[in-house]
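Colleague: Please find one structure pasted underneath; my questions will follow.
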Amino acid sequence: MLQSQLLLGLVLAIEAASAHPRSWGPRKFTSLVSFGDSYTDQSRLNYFGSHNGSAPPVGWEQPDNNNTASGGYVWGHYVSQYADVNLYNYAVSGAVCSNEITPRTFSYINDLFPSVLEYEVPAFLADSKHKVAGKKFLDIPPRETVYSIWIGTNDLGNYAFITDSQVKNKTIPDYINCVYTALDQVYANGGRYFVLMNLAPLQLAPLYATPENGGVGANQYWPDKPDNLTLTSYRMWEQVATANDVFKYQTPYEVLVARRYPGAQFAVMDMYGLLSEVYYNPTKYFNGSAPANVTGFNNHCPLSGGECTRLPSPDSFMWFDELHPSQRTDQIIAEEFVKVVRGDKQWPCPAARQTCPHQDFTMSRALPEVQPPPYPIAIRPESITRHEVIVTVTNRPEPWHSLDYSIEHAGTELFTVRGQPWKISQARMFHDRSGLPLFELRCQWYDSSSLCLRLPGGDQCILEAKLRVAINAPRAVVTFRNAAQQPRSAQSEEIVLEVHAQDLYNILQVVVVQNRNVAYIHRITDRSVLAEGQRPPFRFRPKWMVRVAEGVDLSLIAVVVVIVGQRAGLDVGDG
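Going left to right, the sequence shown walks through residues -19 to -1, 1 to 556 as mature numbering (1 follows the signal peptide of the UniProt record, and there is no 0) numbers them.
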């Protein structure tokens, strides 16, 4: 489906379950704690530089600064303004995630740049325990504070991975694991809302761009830069794409499968997609007196040192210098960051742009992108989606048995399922919102893994399903005759739908039709949002959130979830 691309690349909010949640973040957003490098630093590196390399003392109140690496205020300053929140900024210009992986020297103090793992997080932890006149120095209520981390620009950059300058035997996965290790400590200190900002499209920054896109040679940040700018640009592109793909998949694994951060909510804010959108659609974002400029930069410094020169109309530039986004770009980042926390509608990315590749997971709670089928598919054409939607399927707790379900969208009940546990077939009748019967789902009396869906009073199966347990096999194979209008060449075609598990615990499953992922099913595991049934072994009744592509019958998806979900109750109590 051609629609908005993601600002909020992936939201993992284990605690919420409504199809259209109030927001991803806290009910009340009062404080932001940020970690990172020069893309985020306000004035912390300045302290190191002006105090012979000594770190700020515990309880240091960081002054605001309108002369940061952006040429003005940094994005965190604007978040504080736009959302009226406290800002506690621990980012340090030049930082990497860990100096045990990619150490870089700050020549001004003849020592390493302070890193996230070895300095920033410990500094935050010390401040969090500090009191002034009996009052906590940091105002960071767990349910009102968001923690951001945006790190990697220096880790992947010159004098680090791109120049093969990392510590021996260290790789990019070590840098990525370092990010989660840093968040482990913040989580242990009470952090519950996290925004992991993925890597910017560094191959578009003048420091790493190709010559035709404004790439520069030797400069203040890389005096001995190799002459082959194209090779450098493509290697950076490869590094960034690789790291961002790992963040995209490792984050849901750590949160949903490994349960590394129980009770926490995570968002991966897609900085790559956002800044690509800005780069390819500059006139929508830059309002200076000169034409928008995304390949040049505002601040020019001679390689030999000396006075730097700033060009006029700074609000026309995407980049302040060879590496850093401009103040205007930081304002855009801040606007979108606040939207992430509030769960607002995200920025658009034109469908024609192949460089905005990621998807919007704002409402999908860790559900990857879906793809429309080649033509509509349905067992009930009236229920075909006109656009991508999120539905919630709940195994109802009221009856003593576990055969009743409700299916909702945007708080509205679409279908209900009423079970007949006294029948050998474990019959379940699907009803529309008015109560009219739609289908009856039955197990075969001789095989509970084989199911048949019939119209009320009918004797013919309009859909058949087979549950499987073999390793690497689909969890279910469903066949049905398509009731939707479709191309003449496909009118006699029988549709085969497969459900594949995406993890060992069947927490995430994908619905595949003709090699297209038309739906993702996420089983919610947080007990705080699950209802208790009337007797074991189904003490906690299962609940699912389902992302459905355009052109797919919602009643069909409801049937599929009920089919594959009939085994979920056996392990939900362990969730």
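Where a beta carbon is used, it is the ideal one built from N, C-alpha and C, also for glycine.
Taking the alpha carbon of Ile157 as the point to measure from, which residue in Gly439, Ala169, Phe228, Leu98 has its own alpha carbon closest?
Modeller: Considering only alpha carbons, the answer is Phe228.
Colleague: Check Lys320 in the structure and name its three-state DSSP category.
Modeller: In this structure, Lys320 counts as helix in the three-state DSSP scheme.
Colleague: Rounding to the nearest angstrom, what Cα-Cα distance links His111 and Phe175 in this structure?
Modeller: If you take the alpha carbons of His111 and Phe175, they lie about 22 Å apart.
Colleague: Is Leu478 closer than 9 Å to Ile365 when the C-beta atoms are compared?
Modeller: No, Cβ-Cβ distance for Ile365 and Leu478 is not below 9 Å.
Colleague: So for Ile371, helix, strand or coil by DSSP?
Modeller: It is a strand residue.
Colleague: Tell me the residue span of the alpha helix (DSSP H) that contains His58.
Modeller: Its alpha helix (DSSP H) spans residues 56 to 64.
Colleague: Along the beta strand (DSSP E) that carries Trp525, what are the first and last residues, could you check?
Modeller: Run containing Trp525: 524 to 529, per the beta strand (DSSP E) assignment.
Colleague: Just the Cα atoms here: how many angstroms apart are Ile314 and Pro306?
Modeller: Those two C-alpha atoms are separated by around 10 Å.
Colleague: Where Gly244 and Phe396 are concerned, what is the direct C-alpha to C-alpha distance, given to the nearest angstrom?
Modeller: Gly244 and Phe396: Cα-Cα distance of roughly 30 Å.
Colleague: Tell me whether the region 129 to 142 and the region 170 to 185 touch, counting them as touching only if at least three CB pairs, one residue from each stretch, are closer than 8 Å.
Modeller: They touch, by the three-pair rule.
Colleague: Per the DSSP calculation, Gln401 is bridged to which residue(s)?
Modeller: For Gln401, which the question treats as bridged, DSSP gives the partners Ala408.
Colleague: Helix, strand or coil, according to DSSP, for Cys282 in the structure here?
Modeller: Reduced to three states, the DSSP call for Cys282 is coil.
Colleague: What is the DSSP secondary structure of Ala186, reduced to helix, strand or coil?
Modeller: Looking at Ala186 - three-state DSSP - the assignment turns out to be coil, as it is neither helix nor strand.
Colleague: Let me confirm a value: Gln547 is counted as buried when at least 16 other C-beta atoms fall within 10 Å, else exposed. Which label applies?
Modeller: With 16 or more Cβ atoms within 10 Å of its Cβ, Gln547 is classed as buried.
Colleague: Which first and last residues belong to the alpha helix (DSSP H) in which Gln43 is found?
Modeller: Here Gln43 belongs to no alpha helix (DSSP H), and DSSP marks it neither H nor E.
Colleague: If you follow the beta strand (DSSP E) that Leu419 is in, where does it begin and where does it stop?
Modeller: Counting along the chain, the beta strand (DSSP E) containing Leu419 begins and ends at 418 to 425.
Colleague: Express the C-alpha separation of Thr506 and Val499 in angstroms, rounding to a whole number.
Modeller: Computed Cα separation, rounded: 23 Å.
Colleague: Go ahead and pull the three-state DSSP assignment for Asn274.
Modeller: Reduced to three states, the DSSP call for Asn274 is strand.
Colleague: Rounded to whole angstroms, what is the Cα-Cα separation between Asp155 and Ala239?
Modeller: When rounded, the distance between both Cα atoms is 18 Å.
Colleague: So Trp131 is in the beta strand (DSSP E); what residue range does that whole segment cover?
Modeller: That run of the beta strand (DSSP E) goes 126 to 131.
Colleague: Expressed to the nearest angstrom, what Euclidean distance is found between the alpha-carbon atoms of Ser4 and Thr11?
Modeller: Annotation note: pLDDT 49 at Ser4 (below 50); position unreliable, coordinate value reported separately. Taking the straight line joining both Cα atoms gives about 15 Å.
Colleague: Answer yes or no: do Glu394 and Arg409 have a C-beta to C-beta separation smaller than 9 Å?
Modeller: Not a contact, by the Cβ cut-off of 9 Å.
Colleague: Report all residues from its chain with a CB closer than 6 Å to the CB of Asn463; omit the five preceding and five following residues, and keep chain order.
Modeller: The answer, listed in chain order, is Ile358, Ile476.
Colleague: Is Val458 near the ligand COA, going by C-beta to nearest heavy atom under 8 Å?
Modeller: The model depicted lacks the ligand COA and carries no ligand whatsoever.
Colleague: Do Gly324 and Gly57 count as a contact pair if the criterion is CB distance below 9 Å?
Modeller: Not in contact: Gly57 and Gly324 (Cβ atoms no closer than 9 Å).
Colleague: Go through its chain and collect everything with a Cβ distance to Phe318's Cβ below 6 Å, but skip five positions before and after it.
Modeller: Taken in chain order, the residues that qualify are Val60.
Colleague: Reducing DSSP to helix, strand and coil, say where Cys289 ends up.
Modeller: In this structure, Cys289 counts as coil in the three-state DSSP scheme.
Colleague: Just mark Ser35 as buried or exposed, buried being the case when its beta carbon has 16 or more other beta carbons within 10 Å.
Modeller: Burial call: exposed.
Colleague: The alpha helix (DSSP H) with Lys229 in it runs from where to where?
Modeller: Counting along the chain, the alpha helix (DSSP H) containing Lys229 begins and ends at 210 to 233.
Colleague: Using DSSP with H/G/I as helix, E/B as strand and the rest coil, what is Arg309?
Modeller: The answer is helix: DSSP assigns Arg309 an H, G or I state.
Colleague: Could you check how far apart the C-beta atoms of Leu511 and Lys524 are, in whole angstroms? I think they sit under 8 Å.
Modeller: Rounded, the Cβ-Cβ distance is 6 Å, consistent with contact.
Colleague: Taking Val97 and Val167 to be in contact with their CB atoms under 8 Å, please state how far apart those CB atoms are, rounded to whole angstroms.
Modeller: Contact flag wrong, Cβ pair sits at about 10 Å.
Colleague: From this set, Ala224, Ser109, Pro192, which residue's C-alpha is nearest Phe142's C-alpha?
Modeller: Per the Cα distances, Ala224.
Colleague: Pick out whichever of Pro233, Pro263, Ala222 has its Cα sitting closest to the Cα of Tyr253.
Modeller: The shortest C-alpha separation from Tyr253 is found at Ala222.
Colleague: Going by C-alpha distance, which of His281, Glu235, Ala457, Val494 is nearest Ala248?
Modeller: The residue with the shortest Cα to Cα distance from Ala248 is Glu235.
Colleague: Suppose you measure from the CA of Glu42 to the CA of Gln23; what does that come to, to the nearest Å?
Modeller: So the alpha carbons of these two residues sit roughly 12 Å apart.
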